[in-house]
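Notes follow once the structure below has been shown.
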Amino acid sequence: MLKQKILVIGAALLLSGNIAKAQSTVWLDQLDLSVATQGHGKPGINTSVDGKPLTIAGEVFKRGFGTHAESSILIKLNGKVKNFSALVGIDDEIKGQNPAAEFEIYGDNKKLWSSGVMKLGDKAKPVNISLQGVNQLELVVTDGGNGPYYDHANWVNAKFETADGAKLVTFNPIASEPYILTPKPGPKPKINSATVYGVRPGSPFLFRVAASGERPMTFSAKNLPQGLTIDAQTGIITGNINTKGTYEVVLSAKNAKGSVSKKLKIESGDKIALTPTMGWNSWNAFGHEVSADKVKRAADALVKSGLVNHGWNYINIDDSWQFNRDGKDPSYQGKMRDENGYILTNSKFPDMKGLTDYFHSLGLKAGIYSSPGPWTCGGCAGSYGYEKQDAESYAKWGFDYLKYDWCSYGGVLDGLPYNDANKVSSLNFSGGGDLDKGVKPFKLMGDLLKNQPRDIVYNLCQYGMGDVWKWGDNANAESWRTTNDITDTWASVKNIALAQDKAAPYAKPGNWNDPDMLVVGVVGWGNPHQSKLKPDEQYLHISLWSIFSAPLLIGCDLEKLDDFTLNLLTNDEVIAVNQDALGKQGVVKQSIGEFRIYVKDLEDGSKAVAFANFGREKVNMSYKDFKQLGISGKQTVRDLWRQKDIAKINTSNQSLALDIPAHGVAYYKFISTK
Ligand code: GLA
């Protein structure tokens, strides 16, 4: 579906001597700007991105395009345009912030002009370039090197001088057709669960064998430790292990087409989450519009879509199950806690225990959300002062996972103004990077969770402040967010991806860096829309989160899964790299401009390699620098997305052909061969 609008330009006749020349001016704001991609907000037509008059360094402009980095708009010129001129600059509306952005113009993928980095208050800079012979123009705003925050960027007085009858068409590369690379799982049984699972002695055990293949299917398990049983029909293992120890279990699955076995190592000990969490979280899909009914339907869809057969098994409720301080919706307002300080759920969650019982009956786990501050980011009741009661409630209700989000805790450090929690803002980051103060609230909840009679995987959400990856383990956490919130834009995914390497050495079984949830499928934080990432960008996103050993939390509406999204989320070879028992995080081993090569060591001695192209031009090369990647000798190269061996090469003297689209990836596994 190429979304496009054609503007046919009426030609004005200009007489020059005796020759009639057709020439016309087309303003950028006359084109369909709605197809632009940008980091935040909607394209402003003759307004700033916030809908205000276009203003640069005190000067107001009537015409132009108000956008937000990272921004791109593509225009088909078909060689008919002579010239483009404009003024560019940062809009004054973000006073008090520190934006920086660079305006760039590309013609047929070659850079024609750049503004250099521009800051707030810089006078509008003129551009006037010839476009003779150019077929496709791209107007870009990059983040100026300091992240895309507050980069409100304006192209003003922007216009084209065209030849007679020229058609200018803006188009949206995101709308390019999705393409499926992975073959559908076959009818024979195949067990896709991770090879290792951790539990604390005495905690309720719940493990659903993930297996694809035709149904009906029956399940069995050999050498299960005492206290555990498997349900032959569902493949759900339950019970308790009361002693510490390592148990080598053999799982089997059988259907009319055959049978299969796979080893599972159960580690009964101190560590849980021995592989990254895989599941779904309500936030990116529903935002504050979440309800028990919606998460229940998500659980049903997880099972019905078959996602559960590939290892997806957590259903996590994010913000807004509690009462809200200022919610307009009456269902959010009420008494927040009972007389003993135990938190009350809002009317959209009338029966938490019933809800988790339902998830558990499907072999799924349940997750919940809170803040160490008095308020969550969305203004709901947080845990401050009631940590003990909250930890007990989560356990009593049957939760298996807690996301604990800084939000208002800075207000606590500031001394709860007027000693009144109500005066504390829901977002206050002060002190978050200060180890003396910023660790304490997380450790407090971590200790409480560990004392509960069930395993509760603990996820810290404080956006990476104070290098959380260095101390998260001491706070008894299993995973921690490393960055700010993700959105479904290329700039967001790229910036988050590029920020992961520093935390990588701290990833290990039971300790995972969390670059935030997945933004594929229908997302929208309550305003549903298809992810704005291009298909190539989505392949890159999932490949990187796989090689990062990131917790994989789907953020889309599971009732609206399309074939493309399902294919992205059910490739067992891509998932197996993420769930590999060695628990290493892939890191960049080589950068060639914006082309980065990530390598992750796997338990069986093979290596996963993501050839990730963050640039806007395709990468086409014969690659032979294998030494840089730590790869040597004869190798079988397997394409993980296509699930097929694509080459056998001697890496000491042969090369590998790479052809990777802009913002795309080749995700391979290198297996040593004789
Ligand atoms: C923060 C978190 C998000 C989400 C919201 C809920 O922004 O980073 O992931 O939990 O709060 O309000």
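Using mature numbering (1 follows the signal peptide of the UniProt record, and there is no 0), the letters of the sequence shown correspond one by one to residues -22 to -1, 1 to 652.
The beta carbon of each residue, even a glycine, is placed where N, CA and C say it ideally should be.
Rounded C-alpha distance that separates residue i from residue j
{"i": "Ala35", "j": "Gly533", "result": "40 Å"}
{"i": "Ile214", "j": "Asn113", "result": "58 Å"}
{"i": "residue 664", "j": "Pro419", "result": "Residue 664 cannot be examined here, being either before or after the span of the chain that is shown, -22 to 652."}
{"i": "Pro167", "j": "Leu202", "result": "21 Å"}
{"i": "Tyr225", "j": "Lys243", "result": "6 Å"}
{"i": "Val471", "j": "Val390", "result": "32 Å"}
{"i": "Asn170", "j": "Glu551", "result": "9 Å"}
{"i": "Gly332", "j": "Thr196", "result": "28 Å"}
{"i": "Lys596", "j": "Ala640", "result": "5 Å"}
{"i": "Lys326", "j": "Cys355", "result": "19 Å"}
{"i": "residue 653", "j": "Trp290", "result": "The shown model of the chain, from -22 to 652, leaves out residue 653, and the question about it has no answer."}
{"i": "Gly561", "j": "Asn437", "result": "17 Å"}
{"i": "Gly10", "j": "Gly257", "result": "Reading off the sequence shown, one finds Asp at residue 10, where the question assumed Gly. Approximately 38 Å between the Cα atoms of the pair."}
{"i": "Gly424", "j": "Asn454", "result": "5 Å"}
{"i": "Ala559", "j": "Ala586", "result": "14 Å"}
{"i": "Pro506", "j": "Asn259", "result": "15 Å"}
{"i": "Asp540", "j": "Val566", "result": "32 Å"}
{"i": "Thr323", "j": "Tyr382", "result": "17 Å"}
{"i": "Gly29", "j": "Lys421", "result": "44 Å"}
{"i": "Asp296", "j": "Lys282", "result": "22 Å"}
{"i": "Ala369", "j": "Asn318", "result": "14 Å"}
{"i": "His288", "j": "Ser237", "result": "17 Å"}
{"i": "Trp485", "j": "Gln563", "result": "Looking at the sequence shown, residue 485 is not Trp but Ala. Distance between the alpha carbons of Ala485 and Gln563 is about 6 Å."}
{"i": "Asn598", "j": "Thr543", "result": "27 Å"}
{"i": "Ile609", "j": "Lys647", "result": "11 Å"}
{"i": "Gln430", "j": "Asp69", "result": "52 Å"}
{"i": "Ser584", "j": "Ile649", "result": "5 Å"}
{"i": "Thr212", "j": "Ala276", "result": "19 Å"}
{"i": "Leu380", "j": "Ile53", "result": "46 Å"}
{"i": "Val228", "j": "Ala554", "result": "18 Å"}
Candidates the options, of which the one nearest residue i by Cα
{"i": "Phe526", "options": "Ser2, Gln478, Gly67 and Pro506", "result": "Gln478"}
{"i": "His338", "options": "Lys249, Gly217 and Phe327", "result": "Gly217"}
{"i": "Ile638", "options": "Ala625, Arg594, Ile624 and Arg616", "result": "Arg594"}
{"i": "Leu41", "options": "Asp28, Ala64 and Gly564", "result": "Per the sequence shown, the amino acid found at residue 41 is Arg instead of Leu. When each option's Cα is compared against that of Arg41, the closest is Ala64."}
{"i": "Tyr320", "options": "Leu496, Glu365 and Asn473", "result": "Glu365"}
{"i": "Pro165", "options": "Val555, Arg186 and Glu192", "result": "Glu192"}
{"i": "Ile474", "options": "Cys385, His519 and His130", "result": "His519"}
{"i": "His130", "options": "Lys448, Met495, Gly19 and Ile53", "result": "Gly19"}
{"i": "Asn106", "options": "Asn132, Asp86, Asp121 and Phe138", "result": "Phe138"}
{"i": "Asp445", "options": "Leu413, Ile434 and Lys421", "result": "Leu413"}
{"i": "Gly360", "options": "Ala141, Ser349, Arg574 and Gln367", "result": "Ser349"}
{"i": "Thr253", "options": "Leu52, Ala231 and Gly176", "result": "Gly176"}
{"i": "residue 669", "options": "Gly122, Lys374, Val147 and Gln110", "result": "As shown, the chain starts at -22 and ends at 652. That puts residue 669 outside it, with no answer to give."}
{"i": "Arg186", "options": "Trp133, Thr148, Val286 and Gly94", "result": "Val286"}
{"i": "Lys272", "options": "Asn628, Thr3, Ile570 and Leu536", "result": "Leu536"}
{"i": "Pro161", "options": "Lys622, Asn631, Gly416 and Ile346", "result": "Lys622"}
{"i": "Trp384", "options": "Tyr347, Trp375 and Asp398", "result": "Tyr347"}
Same chain, Cβ closer than 7 Å to residue i, five either side skipped, listed in chain order
{"i": "Asn220", "result": "Pro179, Gly180 and Gly205"}
{"i": "Lys222", "result": "Pro179, Ser246 and Gly247"}
{"i": "Asp603", "result": "Gln568"}
{"i": "Thr651", "result": "Lys612, Gln613, Thr614 and Lys626"}
{"i": "Cys358", "result": "Asp297, Ser298, Gln300, Phe301 and Asn302"}
{"i": "Tyr601", "result": "Ser633, Leu634 and Leu636"}
{"i": "Asp494", "result": "Arg459, Thr461, Asp463, Ile464 and Ile474"}
{"i": "Tyr372", "result": "Ile346, Leu380 and Ile434"}
Own chain residues within Cβ distance below 8 Å of residue i, not counting five before or after
{"i": "Leu394", "result": "Pro352, Lys401 and Val402"}
{"i": "Val643", "result": "Asp514, Tyr517, Leu518, Ser521, Leu522, Ala588, Phe589, Ala590 and Asn591"}
{"i": "Thr207", "result": "Ile215, Thr216 and Gly217"}
Contacting residues, own chain, Cβ-Cβ under 6 Å from residue i (five flanking each side not counted)
{"i": "Arg620", "result": "Leu159"}
{"i": "Tyr84", "result": "Glu116"}
{"i": "Phe81", "result": "Val66, Ser93 and Val119"}
{"i": "Lys428", "result": "Asn454"}
Practice task
Answer yes if the segment 313 to 330 comes into contact with the segment 293 to 304, meaning at least three C-beta pairs across the two stretches below 8 Å, and no otherwise.
Solution key: yes
Exercise for the section: Count the C-beta pairs between the segment 602 to 621 and the segment 487 to 494 that are closer than 8 Å, then say yes if the count reaches three, no if not. Expected result: no
Exercise for the section: Give a yes or no on contact between the segment 497 to 511 and the segment 574 to 582, applying the rule of three or more CB pairs nearer than 8 Å. Expected result: no
Practice task
Please determine if the segment 65 to 80 and the segment 119 to 128 are in contact, where contact requires at least 3 C-beta pairs separated by less than 8 Å.
Solution key: yes
Problem - Segment contact, 8 Å Cβ cut-off, at least three pairs: the segment 45 to 54 with the segment 90 to 107 - result: no
Handout entry: Given 8 Å, three or more beta-carbon pairs between the segment 97 to 110 and the segment 23 to 35
Key = yes
Problem - Inter-stretch contact (C-beta, 8 Å, three-pair minimum) for the segment 456 to 474 and the segment 508 to 516 - result: yes
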